[in-house]
Amino acid sequence: MVLIKLPDGSVRDFEDGSTPRDVAASIGRRLAEQAIAAVAQGRVVDLDRPIQDAIDGDKTNEPIELRILTTKDREALDVLRHSTAHIMARAILRLFPGVKLAFGPTTATGFYYDVDSPERPLSENDFPAIEAEMAKILAADEPFDRFTLPVDRARAFVADLGQTYKIEHIDDELYKYGVLSFYRQGEFVDLCRGPHIPRAGKAGAFKLLSISGSYWKGKTDRPMLQRVYGTAFFDKKELDAHLARIEEAKKRDHRKLGKELRLFTISNLVGPGLVLWAPKGATIRGILENFLKDELVSRGYQPVYTPHIGRIELYQTSGHYPYYKDSQFPTLKMPADPFAKELVDGLVSGTIDDDRQRELLAKAHIPDREASKGVDESGSKYFDLDIKGRIAYVESRCEFEEYLLKPMNCPHHIQIFASQPRSYRDLPVRFAEFGTVYRYEQSGELSGLTRVRGFTQDDAHLFCAPEQVRGEFRATMELTQFVLNSLGLADYRLRLSKSDPSDPKFQGAAGEIWQKAEADIRAVLDEMELPYDEAPGEAAFYGPKADFIVRDCIGRQWQLGTVQLDYVLPERFGLEYTGPDNHPHRPVMIHRAPFGSMERFMGILIEHFAGAFPLWLAPEQVRVLPISDKVLDYAKSVLESLRNAGLRAEIDARPEKIGAKIRDAQLEKIPVMFVVGVKEAENGSVSFRDRVDGDLGPLSLEQAISRVRDESTSRKIRQTAPLAPALPSEPEGEKHEY
RNA sequence: GCCAACGUAGCUCAAUCGGCAGAGCACCGCUUUCGUAAAGCGGGGGUUAAGGGUUCAACUCCCUUCGUUGGCUCCA
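One rule links them: number in my numbering = place in the first sequence (from 1) + 755.
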């Protein structure tokens, strides 16, 4: 006998070996028909698997809690998607017999299956054929049959199937389970933990979405597999709604809107990942910067400015250079010896004759190649080399001053702190700068404004006494919240990025100081009652941080604001202040950037507002629309009044009909239009048209202007387009045990 | 960096099997002077991303490079 406790609290007896389907049937025939799977003791299990077997390991004398899943339950959707992934794999194997399967898990919005297709790579052109084959499998409605094998026989079984990735996975990880489960569906058998829908016919609407490469087990030294993405729903309507959402999201992709609304551009000639801000985008960005600057004054920050480059030694001291050499632009090399420099410059520009070269070589104490035979086996003379060779030779013989495009602002700010004696009375010192930094991101990573090679951080560095850390940390968190709230960006999550003590990148992470730093952050987050995830290994190399993560309109997650606690750099730079005891003490640093990167923030903001910026951010706040040329003079005087009131206004003086002017202004997402015709010109009024609410009728010019100004200065937000719909919180990483 | 797809006028996209590079919008000119989401007519605009190859002939087929997109990997 087995005791089952149902969600309504009732407890019933069932025979040994009963399945969830039996339980469902005992409740009602319709439930049994609609059932997809079940949750037993908190675990999703197959509908036709004996309950006691499925929860093996959680054996208890208490009644087993069981809940039947139907198409309405979120857990059932995951089961469906996983089964659909199997059906897709089966279809692919039918069409491409040599294909080998790797992992095929579900994601937050669908599923994928990693496959290796040795004959020829799959492409999206194959999707119709694969989808048609999948439809056949659904129509055949064969059951998913579960069976198990001991590890050694399981290994032999997948070996027989020629599934080499499955063999490797058993050898690497699965052997420890002892017994492995398989699911058979007609001719198709896959090693799989399950659970699955009972029959293929239970699968609903599906669609294959994209295909891309992905490394086997995520390791760059392993083979590149092909990842086929798809999604599935029980109901075709839900699938269509999902696909419609994807289409909607694409419409407000910041890369598309940025071009349409002339906010920014990226020129191949300037370089990939290097953003050029057009006037409208620059206006918005400038408003954001001024908004924050004003806020910083009231919060006790001081402005600083620092250059875009710094000596490499600076970054060797800070530790940035050794750790991030690969993701930086090459160094700028300047020959230390002025004669060597003149020689190199002359060679590069081709404006130097042989005599002068000889002279400069001597002055720079660079021996001719002949004289350095021991080093150069060729033994040929300097003048036997071509220009490139000469440059290379000179460069190999001279010392350089090396400069780095700055990848971070902190070392520069640290030098300002260190430039004068500091007393505990001065702390905390808060240096703020919109500092532009350059990082050589991998070419495949570049994406619009969200991943770029040159970007501006709204950076600041706080130098404080240890006892001030928590208070300052909290204040910076609050600043970041204030900034996000001011923009109506409420859909973010917090991540405590911690060290991974086993990774040498985190200096002294096992030590007390890191522990303390992480405890400090945790304490502040708890005190502020902010929920957060902890992410080991995500810390900066110099300290743990609290990151604000938002999703863009197509669901990708980006780190925006960040607050970082740093005990390492003050140590590396030997920073000190004089304490009340008249002894030197080491300050603690807080790095923080509420926007994060202005580029990335703008990208997210464009999508957040779908390009329809609120009045206070709109690059053009008001457009004056004269109905005909007859009122052009009055329209111009209205424009002047608007500008005198400090508003950003333009006039549409084209000889177009008013409908066309309105349409164009709407499409350009101008928040307010002042329509003026003969009537308005006669009594000094305007016809007020709002982007959202439409025609609001006549207002006196003064009233109209103050209405706009009030909305602008109050930074009112009336219209946002929510980013990707909220997702169920997912554990980091996939759960494809097998 | 890796895998794949893609790159045609400022933008969105056509161009059959390899056979004269086109449309709408935008832009310029003229006409129209108009009341809340598109007036009419005319005109200019292209080394089809760049370079190379095959061919009588290449937007179209092949190769290389650059870039973009979707992912993987990376992200101070």
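Cβ atoms here follow ideal geometry from the backbone N, Cα and C, with glycine treated the same way.
When we look at the beta-carbon of His924 and count the other beta-carbons within 10 Å, is it buried (16 or more) or exposed? buried
Taking all protein chains shown into account, decide if Gln1170 is buried (16 or more other Cβ within 10 angstroms of its Cβ) or exposed. Around the beta carbon of Gln1170, fewer than 16 other beta carbons lie within 10 angstroms, which makes this residue exposed.
Proximal residues to Gly1036 (C-beta, below 6 Å), its chain only, five neighbours per side dropped: Leu1018 and Phe1019
In or out: Pro953 buried (at least 16 other Cβ within 10 Å) or exposed? buried
Quick one: what does DSSP say Val906 is sitting in, helix, strand or coil? In the three-state scheme derived from DSSP, where H, G and I count as helix and E and B as strand, Val906 is classed as helix.
Could you check where the beta strand (DSSP E) with Tyr970 kicks off and where it finishes? Ala960 to Tyr970
Answer yes or no: do Gln1314 and Ile1345 have a C-beta to C-beta separation smaller than 8 Å? no
Beta-carbon separation of Pro1183 and Gln1223 under 8 Å? yes
Tell whether a beta-carbon distance below 8 Å holds between Glu1157 and Lys1088. yes
If you measure between the beta carbons of Ser1396 and Ile1460, is that distance less than 8 Å? yes
Is it the case that the Cβ atoms of Ser878 and Phe851 are separated by a distance below 8 Å? no
Between the beta-carbon of Pro1381 and the beta-carbon of Ala1390, is there less than 8 Å? yes
Thinking just about the alpha-carbon of each residue, which of Asp1445, Pro1477 and Ala1476 is nearest to the one in Arg1462? Asp1445
Please list the segments of the alpha helix (DSSP H) lying wholly inside the stretch 1083 to 1111, counting only runs of 4 or more residues, in order along the chain. 1093 to 1104
Where Ile1406 falls: helix, strand or coil (DSSP): strand
Measuring CB to CB, does Pro1327 end up less than 8 Å from Thr1072? Reading the sequence as shown, one finds Arg at residue 1327 and not Pro. Contact flag set, yes.
Which of the three DSSP states is assigned to Phe1296 in this structure? coil
Cβ-based burial, Pro1221 [other Cβ within 10 Å; buried from 16]: exposed
Run the CB neighbour count on Gly1351, radius 10 Å, all protein chains shown included, and call it buried at 16 or more, exposed below. buried
DSSP three-state label for Lys957, please. helix
Pair within 8 Å by beta-carbon distance, Leu824 and Val870: no
How far does the beta strand (DSSP E) with Cys1219 in it extend, from its first residue to its last? Residue range Gly1209 to Cys1219 is occupied by the beta strand (DSSP E) that includes Cys1219.
Based on the DSSP output, what are the partners of Ala987 in its beta bridges? Phe961
Pull up the distance between the alpha-carbon of Leu1494 and that of Tyr1060, whole angstroms please. Limits of the chain in this structure are 756 at one end and 1493 at the other, which puts residue 1494 out of reach.
Are three or more beta carbon pairs between the stretch 1352 to 1359 and the stretch 1204 to 1221 nearer than 8 Å? yes
Please state the DSSP three-state secondary structure of Phe1261. coil
Alpha-carbon to alpha-carbon, Val834 and Ala959: For clarity, residue 959 is Gly in the given sequence; the question names Ala instead. Approximately 12 Å, taken between the alpha carbons.
Beta-carbon spacing of Gly985, Met843 below 8 Å: Note that the C-beta distance between Gly985 and Met843 is below 8 Å.
Classification of Gln1197 by the beta-carbon crowding that lies within 10 angstroms, buried from 16 upward: exposed
Near Val934, what residues of its chain come up, given a Cβ to Cβ distance below 6 Å and the 5 sequence neighbours on each side ignored? Thr903 and Pro905
With contact counted as at least three CB pairs below 8 Å, one residue from each stretch, are the stretch 1359 to 1370 and the stretch 1331 to 1343 in contact? The stretch 1359 to 1370, when compared against the stretch 1331 to 1343, does not touch it at the 8 Å Cβ threshold.
Taking 8 Å as the threshold, find out whether the stretch 1267 to 1281 comes into contact with the stretch 1292 to 1305 through three or more Cβ pairs. yes
Along the beta strand (DSSP E) that carries Trp1313, what are the first and last residues, could you check? Trp1313 -> beta strand (DSSP E) spans Gln1312 to Asp1321.
Which residues in the same chain have their Cβ closer than 6 Å to the Cβ of His837, if we skip the five residues on either side of it in sequence? Residues Thr861 of the same chain have their beta carbon placed closer than 6 Å to that of His837, with the five preceding and five following residues left out of the count.
Roughly how many angstroms lie between the CA atoms of Gln940 and Lys962, to the nearest whole one? 20 Å
Pop quiz: Gln796 and Glu830 are said to be a contact at Cβ under 8 Å. What is the actual Cβ separation, rounded to whole angstroms? Not a contact, Cβ separation roughly 14 Å.
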